[in-house]
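Protein chains in written order, with my numbering: chain A, 10 to 436; chain B, 10 to 436; chain C, 10 to 436. Written below as structure tokens is the structure these notes are about.
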Amino acid sequence: MVSRRGFLSSAAGALIGAGAVSRAALAQIPEAPLAESPATEPPPAPPNGRPYQPVVTLNGWSLPWRLKDNVKEFHLIAEAVEREIAPGMTAHLWGYNGQSPGPTIECVEGDRVRIFVTNKLPEYTTVHWHGMRLPHGMDGVAGLTQPPIQPGETWVYEFEMSRAGSYMYHPHADEMLQMAMGMMGLIVVHPQDPAQRAVDRDFAFIMNAYDVEPGSYTPRVNTMTDFNTWTWNSRAFPGISPLIARLGDRIRIRIGNLTMTNHPIHLHGHSFEVTGTDGGWVPESARWPEVTIDLGVGQMRDIEFVADAPGDWAFHCHKTHHTMNAMGHEVPTYIGVDFEEAAQKLRRLIPQYMVMGDRGGAHMAAMQMQLPENTLPMMTGRGPYGPIGMGGMFTVFKVREDQARGDYDDPGWYTPPPGTMAYRSET
Amino acid sequence: MVSRRGFLSSAAGALIGAGAVSRAALAQIPEAPLAESPATEPPPAPPNGRPYQPVVTLNGWSLPWRLKDNVKEFHLIAEAVEREIAPGMTAHLWGYNGQSPGPTIECVEGDRVRIFVTNKLPEYTTVHWHGMRLPHGMDGVAGLTQPPIQPGETWVYEFEMSRAGSYMYHPHADEMLQMAMGMMGLIVVHPQDPAQRAVDRDFAFIMNAYDVEPGSYTPRVNTMTDFNTWTWNSRAFPGISPLIARLGDRIRIRIGNLTMTNHPIHLHGHSFEVTGTDGGWVPESARWPEVTIDLGVGQMRDIEFVADAPGDWAFHCHKTHHTMNAMGHEVPTYIGVDFEEAAQKLRRLIPQYMVMGDRGGAHMAAMQMQLPENTLPMMTGRGPYGPIGMGGMFTVFKVREDQARGDYDDPGWYTPPPGTMAYRSET
Amino acid sequence: MVSRRGFLSSAAGALIGAGAVSRAALAQIPEAPLAESPATEPPPAPPNGRPYQPVVTLNGWSLPWRLKDNVKEFHLIAEAVEREIAPGMTAHLWGYNGQSPGPTIECVEGDRVRIFVTNKLPEYTTVHWHGMRLPHGMDGVAGLTQPPIQPGETWVYEFEMSRAGSYMYHPHADEMLQMAMGMMGLIVVHPQDPAQRAVDRDFAFIMNAYDVEPGSYTPRVNTMTDFNTWTWNSRAFPGISPLIARLGDRIRIRIGNLTMTNHPIHLHGHSFEVTGTDGGWVPESARWPEVTIDLGVGQMRDIEFVADAPGDWAFHCHKTHHTMNAMGHEVPTYIGVDFEEAAQKLRRLIPQYMVMGDRGGAHMAAMQMQLPENTLPMMTGRGPYGPIGMGGMFTVFKVREDQARGDYDDPGWYTPPPGTMAYRSET
């Protein structure tokens with residue numbers, strides 16, 4: 010799913026178009042791979058440098074590097090992208106290397122990195138390495154630590170990845186707009202000793218949010234609270250990959266929040282601890298047992314636990330609007346009231362809208378309403394027992410006894426042993 | 010205040026109406042007590058099973074069980090209810106066993122429970138046991154772990170209450186709507202040894218929020234941020250019971266959040282620690298001293314402290330809009346500006362509205378404005394020194410030297426000793 | 010910048026106007042200094058009482074006291090004020106002693122204080138000492154612990170500052186309106202032993218928010234979520250003072266939140282720990298390393314760290330709308346869509362508004378648009394490398410090797426050593 014474009018075909022094309030880069034400079038720039046699909050790419054083991062156990066970026070991938078004089082060279086291309094939010098909806102976003110979010114940058118504590126950033130956007134940008142300890146001049150704040158990167162330019166950031174942990178990258182130039190358009194990515198710095206804080210499965214994603222009017226493709230960028238597309242790595246349920254584990258695996262999930270509000274992330278069937286932040290490891294003495302961890306904006310949290318209960322476990326934001334897709338907010342109540350006025354409003358939006366009486370909203374999960382183009386149903390997704398009726402920030406954590414270590418193939422739905430399921434009383 | 014209906018009069022009536030339950034099955038279903046008032050019911054000691062010190066559910070009650078073959082059998086009935094939010098306002102909600110929230114389920118670590126759930130709603134539902142460690146098939150996620158419970162059906166959940174702590178139950182089917190309508194309740198699992206983490210007073214409530222237009226009865230269910238009725242256990246000040254304590258008592262308050270936003274809960278005159286979450290006990294080494302604890306959505310927090318200061322202490326959410334009742338948001342500023350336009354807008358809503366000049370808003374707390382039907386004043390409640398001018402998520406924690414242990418009668422207002430009160434400077 | 014008015018000229022004038030205070034009483038009231046500018050006043054060492062190292066209140070000052078019979082007497086005047094939010098915008102607020110927020114009250118653990126509060130507002134008020142442990146009658150809750158302080162009255166609060174730490178004061182009478190108008194201030198209680206938890210630099214501020222329509226001066230006081238002026242100590246970038254430090258200094262920043270939402274405070278180039286709350290000191294075993302700390306409403310947090318990286322480091326709220334000034338929310342997207350309709354809407358607001366094409370929003374940071382009177386640009390501020398393009402809750406933490414201990418003069422922009430700055434690839 011990841012293709013590699015050499016500098017002549019793509020990055021260099023843009024650069025030459027900008028007329029500002031010499032042939033000698035071009036020869037210095039590493040290739041810029043790009044991703045063509047939103048599929049989850051279990052990353053390969055590192056081809057060189059210190060060994061580490063790679064992370065699984067949900068619906069994402071890790072950026073290859075070129076090792077040159079013991080420096081890992083990466084190449085990010087900031088550009089307009091088309092991102093499938095879930096089957097049936099694509100958003101016109103800004104991202105990096107073909108997708109939003111951009112690829113995960115993985116390296117090892119102590120690595121020296123050189124990150125080339127080519128700007129193919131119509132306006133300037135920068136990259137800020139959120140949470141990293143680095144020299145002032147590499148911090149990526151437009152106006153304060155560097156001039157902005159103009160369209161067509163390629164800039165170079167070079168610093169040491171000094172501390173193991175979970176970090177993010179995002180613009181610090183016109184950043185409200187550029188983050189509202191999807192510009193962000195993950196950085197994972199592995200410890201030098203792979204045995205240190207080792208886990209069996211290591212997942213990562215960033216929470217983001219968009220305001221895409223039903224029937225349109227481009228987010229509104231000035232929204233402060235009324236977002237309608239709540240996503241993990243720019244994907245909404247049922248488009249978010251499940252997290253696959255073997256019974257007994259130790260699990261780490263690295264979660265970042267680049268929306269405009271808190272997200273309480275809730276895992277069913279297990280309790281967990283926060284073991285790290287973008288500030289460092291959390292000492293054992295300071296950890297709390299949790300089933301729901303509330304992430305503030307701009308925070309990263311590593312959660313860890315043992316997958317000790319087989320089954321399919323819901324994993325989601327606990328704000329109920331954030332597990333809905335668009336159209337949730339305008340729909341008026343039609344419980345026990347005259348709903349004709351409401352239905353008329355809806356018909357303006359959806360001509361075939363049917364009055365559903367005063368029976369609540371559950372039927373919407375099962376119905377196939379006529380939707381505007383490029384619009385997900387508000388409540389959607391099917392499980393083994395019928396409609397799940399969710400959307401947005403929702404996926405499933407799947408724990409199986411027979412999942413092979415290292416196997417990320419979706420095992421399908423769980424079949425509980427006899428006598429372990431809720432049942433109708435007449436049986 | 011709690012009556013007991015046998016299955017013939019009520020639960021069975023609904024079930025027979027559904028035409029789906031055999032006589033034999035009915036005989037298996039325990040009775041379904043229901044609550045007829047929003048009064049706080051200090052719960053009786055457990056009649057059988059292991060002993061424990063029961064919790065006081067603010068404006069709520071604990072569900073009796075039937076012990077059968079060493080299994081505690083409970084019966085929840087999901088149904089439409091009328092809940093008094095505070096004297097002067099009743100909301101048409103959905104809840105369990107006559108009220109919203111439903112009754113608290115109390116048991117002891119290691120107890121095996123069998124919980125019957127009868128659906129008397131007009132749409133399907135399920136019950137998810139939030140925070141509990143249990144088999145996949147008992148997790149209550151519609152579509153994913155079970156088919157939904159259709160109207161008229163009774164389903165059975167059966168599992169072991171494996172860990173002491175504070176939990177919640179709520180639907181995981183059409184859950185945005187069903188929680189916006191009030192469907193939720195508390196679960197308290199006591200430790201096997203009553204001396205473990207014992208306190209003198211143990212209180213519990215869930216925070217919830219509704220969007221009820223002034224003059225109406227039924228919440229709008231698609232609201233994401235602009236709620237106007239901020240409640241604890243579906244009660245608003247001055248309808249929330251005070252918390253009564255004796256000087257020197259060790260206090261625990263278990264608080265859950267099932268609204269759509271964070272609530273910073275602030276206690277006057279004391280500092281406290283979070284000692285438990287729905288994930289488990291917080292180790293002593295990890296606790297912070299606090300006067301305000303911010304609860305994310307879907308989180309439970311047990312706070313503990315010693316009631317070491319006699320008096321009447323405000324206990325409330327610190328978001329000032331959340332200690333107001335409805336009508337707060339549309340009222341325009343009339344400080345130092347031409348307020349005639351504002352007054353005209355208000356008169357459209359409230360014909361008798363008087364222009365109050367440019368003197369601020371405090372007079373609204375004292376005035377008796379003509380309100381729409383079934384609408385609480387925005388600022389209300391009286392204390393010993395005049396209007397308190399609050400609403401919503403506000404109550405009083407009352408600490409008295411002479412309160413008998415175990416006595417929950419409201420002692421009235423506190424009289425401070427001479428020389429311990431603020432005073433006008435001319436005295 | 011701070012002038013001292015004796016009681017005859019100012020406080021007494023108001024009091025005599027109220028006709029309620031005897032000559033003998035007036036003689037008891039200490040003078041009421043007031044601040045005439047929003048400049049940061051590095052406070053002088055205490056002239057009497059126990060020694061302590063004073064805090065630097067960002068864009069604020071500390072209130073002098075009169076020592077009388079071993080009691081520290083302070084005098085707060087609640088009054089309407091004009092506060093410069095940043096050069097180019099002044100808001101008509103309510104505050105204390107000439108500014109909003111009011112002056113910081115500093116004292117030492119164990120000090121007995123007597124705080125006179127004169128009400129020169131057009132409506133009643135009280136003062137609640139947020140987080141303090143004190144007698145019920147001094148808690149300042151109108152109706153519950155005292156009658157409200159009527160316009161023209163002076164009331165006296167008297168209690169012991171029993172615990173070292175960071176606290177706030179604000180009204181507990183018509184408090185939604187009065188806090189939305191800017192009434193709040195800081196209290197810092199220093200430990201008796203100045204060596205205890207000593208730091209080299211100690212800063213403090215409160216986060217607040219206003220809803221001031223572009224072109225107007227007075228906040229709307231009923232706003233719940235849609236604020237447009239996000240401030241620290243009622244100042245917005247570029248009006249917020251920088252924080253100045255010497256390389257190697259141990260830094261404490263005391264931050265309070267009296268807005269209506271969470272603020273994730275993010276510091277570049279350093280990680281830090283929360284070492285105290287308004288509930289007390291956080292034990293070392295319980296601390297987390299952080300780069301972003303999410304403050305709930307009504308919370309205070311002391312963060313501490315060593316300034317170990319020279320440079321100019323962004324320090325800001327990570328919600329991107331909160332680092333914008335007004336006008337952010339109504340501006341429609343003009344990326345890849347027909348922007349003529351949007352431009353027409355803007356032209357109604359700003360006649361000279363130019364269509365900026367589909368190139369994003371960065372150009373707005375550089376443009377000099379014609380703005381309504383008394384309105385800050387949405388994105389503003391210049392650094393050494395061009396426009397910073399920020400607003401609201403943003404300032405710079407400046408760390409210099411050659412900053413003298415105790416020197417708070419702004420050292421200007423940082424010049425990085427050669428080879429430590431991001432660079433264009435053609436060089």
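Positions of the beta carbon are idealized from the N, C-alpha and C atoms, including for glycine.
Within chain B, the C-beta atoms nearer than 7 Å to that of valine 300(A) come from Gly140, Asp287 and Gly288, in chain order. Closest in C-alpha terms to isoleucine 302(A), from the list Ala316(A), Lys328(A), Leu76(A) and Ala318(A), comes Lys328(A).
Residue pairing of asparagine 266(B) in beta bridges, as defined by DSSP: Met216(B).
Within its own chain, the residues whose Cβ lies closer than 6 Å to the Cβ of methionine 399(B), once the five positions on either side in sequence are excluded, are Phe246, Thr332 and Gly390, listed in chain order.
Membership of leucine 186(A) in the alpha helix (DSSP H) is indicated by the continuous run 184-189.
For aspartate 311(B), the pairing in a beta bridge is given by DSSP as Arg263(B) and Gly285(B). Around the beta carbon of asparagine 57(B), fewer than 16 other beta carbons sit within 10 angstroms, so the residue counts as exposed. Here alanine 316(A) is buried: its Cβ has 16 or more other Cβ atoms, across all protein chains shown, within 10 Å.
As computed with DSSP, phenylalanine 403(A) is found in a beta bridge with His325(A). When the five nearest sequence neighbours on each side are left out, the beta carbons in the same chain lying within less than 7 Å of the beta carbon of glutamine 159(B) are those of Asn128 and Tyr133, in order along the chain. Here tyrosine 219(B) is buried: its Cβ has 16 or more other Cβ atoms, across all protein chains shown, within 10 Å.
Taking a Cβ-Cβ cut-off of 7 Å, the neighbours of glycine 146(B) in chain A comprise Pro425, Thr429, Met430 and Ala431, given in sequence order.
For proline 157(C), the nearest CB of chain B lies under 8 Å from its own CB, placing it at the interface with that chain. Among the residues of chain A, those whose CB is under 8 Å from the CB of alanine 295(C) are Ser294 and Ala295, following chain order. Annotated as proximal: tyrosine 105(C) and leucine 85(C), with beta-carbon spacing under 8 Å. DSSP, read as helix, strand or coil, puts serine 175(B) in strand.
Assignment of serine 71(A) by DSSP, reduced to helix, strand and coil, places it in the strand class. For a cut-off of 8 Å, the C-beta gap from tyrosine 176(B) to glycine 149(B) is around 12 Å, too long to register as a contact.
Just so you know, the alpha carbons of arginine 210(A) and arginine 310(A) end up roughly 16 Å apart.
For asparagine 242(C) against isoleucine 264(C), the beta-carbon gap comes to about 10 Å, at or over 8 Å, which does not count as contact. If you compare the alpha carbons of Pro110(C), Lys81(C), Ile94(C) and Leu256(C) with that of alanine 44(C), the shortest gap goes to Pro110(C).
Of all residues in the stretch 38-59 of chain C, only Ile38 come within less than 8 Å of chain B when Cβ atoms are compared, listed by chain position.
For the set Phe125(A), Gly69(A) and Leu102(A), the Cα lying nearest the Cα of glutamate 40(A) is the one of Phe125(A). In the three-state DSSP reduction, alanine 95(C) falls in the strand class (E or B). The residues Phe83, Pro112 and Ile114, in chain order, have a CB closer than 6 Å to that of leucine 72(B) in the same chain once the five nearest residues on each side in sequence are set aside. Per DSSP, the unbroken beta strand (DSSP E) holding aspartate 303(C) starts and ends at 301-304. Counting only residues of its own chain and dropping the five nearest sequence neighbours on each side, threonine 99(C) has a CB closer than 8 Å to the CB of Glu91, Arg92, Glu93, Tyr226 and Asn383. Around the Cβ of serine 46(A), a 10 Å sphere holds fewer than 16 other Cβ atoms; the residue is exposed. For glutamate 222(B), the three-state secondary structure derived from DSSP is coil.
Straight-line spacing of the CA atoms in glutamine 379(C) and threonine 135(A) works out to 27 Å. When C-alpha distances from valine 230(C) are compared across Glu184(C), Arg172(C), Val208(C) and Gly395(C), the shortest belongs to Glu184(C). Between proline 319(A) and tyrosine 423(A), the C-beta gap is smaller than 8 Å, which places the two residues in contact. According to DSSP, residue pairing for phenylalanine 246(A) in a beta bridge involves Gly401(A).
Of the residues assessed, glutamate 410(C) falls on the exposed side of the cut-off, its CB having fewer than 16 other CB atoms within 10 angstroms.
Shown here, glutamine 205(A) sits in coil according to DSSP, grouped into three states, outside any helix or strand. The beta-carbon separation of methionine 188(B) and leucine 102(B), rounded to 11 Å, does not stay under the 8 Å limit for a contact.
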